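If you're matching positions, the sequence shown starts at 450 in the numbering used here and goes up one per residue.
Below is one structure, written out as structure tokens, with a few remarks after it.
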Amino acid sequence: MARLNFNADEFETPSRNLLEPGKYLAEIIESEIKATRSGGTMLSMTFEMLNPAKGRRVWHNYNLKNKSEKAVEIGKQDLGYTAKAVGKPRFDDTEELHNIPLTITVIIEQGDGEYGPSNKIKAWGPESDFDRDQPTIGKRKFDKKETVVEEDVPW
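Have a look at this one:
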């Protein structure tokens, strides 16, 4: 047994709920190369929300080496979108992408038998894509151009 004089009411505990689907202003705060379970390599990035949901985080993995050529192609395309969104289409170190505001479109991806639902980044854009007066959070549908269509849609 460990005796603690602990009171959870003395500090704020962030929500563990999923972010609602929509566009968020965020920045990359961490990035690292990791091994995948299948023996490949991925770049894992942590995005921290700036507006709305300030301080909340979402993660994205970019496949760099994988048995599936398609997975690598998608990983490199997504990394390209991310790099262009922060104005750094060429970089030597992923830290060059850190702490630069960008717009991300977050969706909820349904889980499978092993994992529950989770947030996933669907699109990346420059900071200028974020409308501070009209955040597009909630049950709104995006068309292929990432434009909001004003109708309720079950995600």
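We put the CB at the ideal spot given by N, CA and C, even for glycine.
Note that the structure is predicted; figures quoted are calculated from it, not measured.
query, result
"Proximal residues to Thr543 (C-beta, below 6 angstroms), its chain only, five neighbours per side dropped", "Ser480"
"Between the CA atoms of Glu563 and Ala457 - distance to the nearest angstrom", "31 angstroms"
"C-alpha distance - Ala475 paired with Glu576, whole-angstrom precision", "8 angstroms"
"Cβ-based burial, Trp508 [other Cβ within 10 Å; buried from 16]", "exposed"
"For Lys569: DSSP bridge partner residues", "Ile556"
"Distance, Gly529 Cα to Ile482 Cα", "16 angstroms"
"Distance, Lys571 Cα to Val555 Cα", "6 angstroms"
"Alpha helix (DSSP H) segment containing Ala532, residue limits", "518-534"
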